[in-house]
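Per the working numbering, numbering of the sequence shown is gapless, rising by one per residue and ending at 188.
Here the structure is laid out as structure tokens; the discussion comes afterwards.
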Amino acid sequence: PLAEVTAHAGLSRDRRALNERYLAELHKRAAAKVAELPMMFAAALGPAEVKQLGDRLVAI
């Protein structure tokens, strides 16, 4: 189990690094402001989740 946890941690770290590179590229190339939205931990996006994301965008 420890080897599997370690492998998964490495995969998560590598994915995060890749996403950070993509985000940096977006910030460099985008003509408009780039908004970072939170991860939504919900089985489906309903009105409450959409409102939460909308409120976050309005605040930017």
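Where a beta carbon is used, it is the ideal one built from N, C-alpha and C, also for glycine.
Of the candidates D142, N147, A137, N147 places its Cα closest to the Cα of E164. A distance below 8 Å separates the beta carbons of V162 and L154. Here DSSP, grouped into helix, strand and coil, assigns E164 to coil.
At least 8 Å separates the beta-carbon of P166 from that of R141.
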